[in-house]
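This report concerns only the one structure given below.
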Amino acid sequence: MASQTNAPIAPKRLEQIATDVCNSIFEGVEAYDHSKTGQWNEAIIQKTLKAVLSEATPEGAQAPAYKFAINSTVVQHVVPNSQLNKAGSTTADSDAKKQAGRRGMHSATGGYWNEKTDGMWSFKYDGEAKGLDVVIMLIWIAV
1 MASQTNAPIA PKRLEQIATD VCNSIFEGVE AYDHSKTGQW NEAIIQKTLK
51 AVLSEATPEG AQAPAYKFAI NSTVVQHVVP NSQLNKAGST TADSDAKKQA
101 GRRGMHSATG GYWNEKTDGM WSFKYDGEAK GLDVVIMLIW IAV
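Take the sequence shown: its letter number 109 is residue 109 in the UniProt record's numbering, and every next letter is one higher.
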């Protein structure tokens, strides 16, 4: 990950923004629903971008001194094979969510830019209780 010392918003604040956005989007959601992932990702991106633009725009300015790009990935947890193979067990069992397994995921991003003014930040929202995680990445490039 690139140095975050040049971030237009403090990394702790970015973490708070991302957490608040995800909490608001997943409020009332009980489990991963693939048919809703597009809506979730779109809402995460739009709400995060709105907050970032608001906080990165200096008072009196019409726009921030950066261009931003945001990526959101919703990762589904899975029920372990040992649970699926048990006689009479289904993923609809009330304990299925408690016994959810994890999928492996590795992601990397690189860029060619000015390390003094440009950078990236990433964050993982832990939605284990809902059977999912969200990985958010923000890139900023000075204009």
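The beta-carbon is built from N, C-alpha and C at its ideal position, and this holds for glycine as well.
Only counting the same chain, and skipping five residues up and downstream in sequence, which positions put a Cβ closer than 8 Å to that of residue i?
{"i": "I17", "result": "I9, T48, A51, V52, E55"}
{"i": "V75", "result": "R103, M105, L132, D133, V134, V135"}
In this structure, does DSSP put residue i in helix, strand or coil?
{"i": "W121", "result": "strand"}
{"i": "T73", "result": "strand"}
{"i": "W40", "result": "helix"}
{"i": "S82", "result": "Residue placement at S82 is flagged as unreliable, the pLDDT there being 48, under the threshold of 50; the coordinate-derived value follows with that caveat. Helix at S82."}
{"i": "K67", "result": "strand"}
{"i": "A108", "result": "coil"}
{"i": "A51", "result": "helix"}
{"i": "A56", "result": "helix"}
Could you check where the beta strand (DSSP E) with residue i kicks off and where it finishes?
{"i": "A31", "result": "Note, A31: premise wrong, no beta strand (DSSP E); not H, not E."}
Hey, how far is the Cα of residue i from the Cα of residue j?
{"i": "I139", "j": "S122", "result": "9 Å"}
{"i": "K67", "j": "V143", "result": "7 Å"}
{"i": "S35", "j": "K130", "result": "15 Å"}
{"i": "S24", "j": "S72", "result": "15 Å"}
{"i": "A63", "j": "T57", "result": "5 Å"}
{"i": "L14", "j": "Y112", "result": "23 Å"}
Can you check DSSP and say which residues form a bridge with residue i?
{"i": "D133", "result": "V75, D126"}
Would you give the residue range spanned by the alpha helix (DSSP H) that residue i belongs to?
{"i": "N23", "result": "11-26"}
So, at 6 Å on beta carbons, what are the nonlocal neighbours of residue i in its own chain, with the 5 sequence-adjacent residues on each side left out?
{"i": "C22", "result": "Y125, V134"}
Within 8 Å of any Cβ in chain D, is that where the Cβ of residue i sits?
{"i": "D126", "result": "You won't find chain D in this structure, because it holds only one protein chain."}
Kindly list the residues whose CB is nearer than 7 Å to the CB of residue i, restricted to its own chain and excluding five residues on each side of it in sequence; keep chain order.
{"i": "T19", "result": "Y125"}
{"i": "E30", "result": "K130"}
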